[in-house]
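Okay, so the sequence shown: first residue is 81 according to our numbering, each after it adds one.
Taking it in order: structure first as structure tokens, then the write-up.
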Amino acid sequence: MLPPLFLPLPTAVDRSYSIYFQQLTDLPNLMQAHGLKNPQLGIVTDKHVEKIYRRKVEAALIAKGYQPRWIVFPAGETTKSLNHLSAIYDHFLGYADRRTPLIALGGGVIGDLTGFAAASILRGVPFIQVPTTLMAQVDSSIGGKTGINHTVGKNLIGAFHQPSFVLCDVDTVQSLPVREWHSGLAEVVKHALITDETLFDTLVLEWDAVLNRTPEVIAPLIRRSVEIKAEIVSKDETEQGIRAYLNFGHTFAHALEQVTAYKTFLHGEAVTIGMIAALYVSKYQNPEFPFEKALDLVKALPISAAIKDLDLQSLTEAMKVDKKAQAGNIRLVLLSNIGTAYITQDIDPKAIQAAWMFALSSF
Ligand code: NAD
Ligand code: GLY
């Protein structure tokens, strides 16, 4: 078993928490160890995850005296909506008090939605993240960003609400559709590029086994990727500084997702293309940057979406209205080396145009 990680939040020690790398069936033991002994609990999931994991999790909870009440939504991004948030309120407020935990079992959609519900019900009930996609394990379940989408844009309604703990069962990624696996891998590669050249070199060396999800290879890589995210969040919980490094490739990616109405790309696929563009600008600004080495790994991330009919002008305009842009100025995370990121607004617009052309012609 992989050892747990601890995410310290120096400004709020009582909200610091652990990330356990154990089996789903360990959930009740961990809840008891965390003093969450209230037999009633709400557990939110989606239909795909319910089909594969409900029976196992339910049996483990009932065996330890818990009475899980399931809230099951359709799978997909549209579940991160006000309607489904409201459905959690309607269900959970029927039996909850301030000690009743709300558990998210699923990917980032379920985690973000459930986390926001937990933040807002009774001004905060205990929340447990049980991420079952790679994206959720290495990214969305860590760091307390929760929320839902609005017709105006993605993730526009939300709150920071840290979980009581995270249970990351790395075996669950074996049942993921392959496209979802590749999408999550984009964030693992991103973590390596922004902070850890050793992780980058290991990914290069083990790439075939990584793509094939060889359990003994991917388990420590998932843990290291979680550790990187936890270290960043621990230093900058509310994104005043270095947490923005996690947006490497994302300003381009959000533009791609927006101009394609979130229908063409999985998030990680858009991030892959965005990282190629960001690598191009990194090289433009820093001639010494090892562009080819970085590019080889990013291009090894498979993309299933068709890249066509994308208008450069619309993409550049969309970058200016990204919620991370400031006063219409494009702000980018770039790399000076593999493992070393920085943020800049001092970017030649010609570099951005050229980066889009390069990235879109790479596939
Ligand atoms: P998702 O939750 O939609 O899951 C992807 C698909 O995989 C779904 O169809 C789901 O039913 C299925 N699935 C989940 N686990 C499975 C398993 N073990 N086996 C088989 N199928 C499984 O998508 P995601 O990529 O996990 O998350 C994307 C969401 O996360 C977006 O809404 C994004 O905004 C959000 N996000 C949030 C943060 C954050 O910091 N809060 C960070 C990154 C992404
Ligand atoms: N996914 C970016 C962040 O958590 O800050």
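Built from N, CA and C at the ideal position, the CB exists for glycine as well.
- Ligand 1 has a heavy atom closer than 7 Å to the beta-carbon of D126.
- DSSP, read as helix, strand or coil, puts L82 in coil.
- Within the same chain, Cβ atoms closer than 7 Å to the Cβ of D249 are found at Q102, Q103, L104, the five residues on either side in sequence being excluded.
- Bridge partners of R149 according to DSSP: G122.
- Boundaries of the beta strand (DSSP E) harbouring Y100: 97-100, taken from the DSSP string.
- The three-state secondary structure of K234, taken from DSSP, is strand.
- For ligand 2, no non-hydrogen atom lies closer than 7 Å to the CB of G227.
- Collapsing the DSSP output to three states places T91 in coil.
- The shortest C-alpha to C-alpha distance from A335 to any of L359, F371, S441, D391 is the one to D391.
- Counting along the chain, T420 sits inside the beta strand (DSSP E) bounded by residues 420-424.
- For G115, the closest of T180, P154, W150, P83 by C-alpha to C-alpha distance is T180.
- I183 is the residue among L214, A310, I183, E138 whose C-alpha sits nearest the C-alpha of T194.
- A Cβ-Cβ distance of about 11 Å is found for the pair L110 and Y97, leaving them out of contact under the 8 Å criterion.
- Taking a C-beta distance under 8 Å as the contact criterion, P88 and I123 do not qualify as a contact pair.
- In the three-state scheme derived from DSSP, where H, G and I count as helix and E and B as strand, V361 is classed as helix.
- Two segments are said to touch when three or more pairs of C-beta atoms, one from each, lie closer than 8 Å; by this definition the region 428-436 touches the region 378-396.
- By the neighbour-count criterion, in which a residue is buried when 16 or more other Cβ atoms sit within 10 angstroms of its Cβ, H164 is buried.
- Between I308 and H271, the C-beta spacing is below 8 Å.
- Each residue's CA atom was taken as its position, placing M355 and D170 some 41 Å apart.
- Taking C-alpha positions only, I383 is separated from A198 by approximately 34 Å.
- Taken through DSSP and simplified to helix, strand or coil, F443 comes out as coil.
- Going by C-alpha positions, H128 is about 34 Å away from L375.
- In the DSSP assignment, F345 falls outside any alpha helix (DSSP H), carrying neither H nor E.
- For the region 158-215, the continuous alpha helix (DSSP H) assignments of 4+ residues that do not extend past its boundaries occur at 162-172, 188-200, in sequence order.
- By a beta-carbon distance limit of 8 Å, A398 does not contact V361. Their separation comes to about 16 Å.
- At least one heavy atom of ligand 1 is found less than 7 Å from the C-beta of E260.
- The beta carbons of D192 and S220 sit closer together than 8 Å.
- Beta-bridge analysis with DSSP links F240 to K225.
- Beta-bridge annotation (DSSP): N417 is paired with T420.
- In the displayed model, F280 falls within a helix according to three-state DSSP.
- Straight-line spacing of the CA atoms in F345 and A385 works out to 6 Å.
- Distance from the CA of D288 to the CA of L202, rounded to the nearest whole angstrom, comes to 48 Å.
- Leaving aside the five residues that flank P119 on each side, the residues in its chain whose CB is nearer than 8 Å to its CB run, in chain order, G145, Y146, Q147.
- By DSSP's assignment, V246 forms a beta bridge with I99, Q209.
- About 24 Å separates the beta carbons of H262 and L412, which is beyond the 8 Å limit, so they are not a contact pair.
- Annotation: P370 to I432 spans about 19 Å, alpha carbon to alpha carbon.
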